[in-house]
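At position 70 of the sequence shown (counting the first as 1) the number is 70 in the working numbering, and the numbers step up by one without a gap. No residue lacks a Cβ here, since even glycine has one placed at the ideal position from N, Cα and C. So the structure is just underneath, and the comments pick up after that.
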Amino acid sequence: MQEGSAPHESAFVEFRRKVRNSELITLTVSQLLREIRFTGRLSVVIQNGTILKSGYEEGYFTRRDEHRLT
């Protein structure tokens, strides 16, 4: 095992935990999404730790589906 791999591995484990627990966006963005009642998909493309592209797709769920969830 390489000397610098332990910090790298622990960082990756932390990254996986955040993905699994849906902790990828900041509290501020999460609050904005709730405020505007956003329903859709957010996507982020990352390469070598840098965000290359981000976007959103509104209306991923229909109003009919929204009523079923409540």
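C-alpha gap between residue i and residue j, whole angstroms
i	j	result
residue 49	residue 24	14 angstroms
residue 14	residue 8	10 angstroms
residue 55	residue 27	18 angstroms
residue 47	residue 59	27 angstroms
residue 57	residue 10	33 angstroms
residue 12	residue 6	10 angstroms
Those residues which DSSP pairs with residue i across a bridge
i	result
residue 45	53
Residues of its chain near residue i, where Cβ-Cβ distance is below 8 angstroms and the 5 sequence neighbours each way are ignored
i	result
residue 51	44, 45
Contact set for residue i: own chain, Cβ-Cβ below 6 angstroms, skip 5 residues either direction
i	result
residue 53	45
For the stretch 33-53 against the stretch 7-21, are there 3 or more C-beta pairs whose distance is under 8 angstroms?
no
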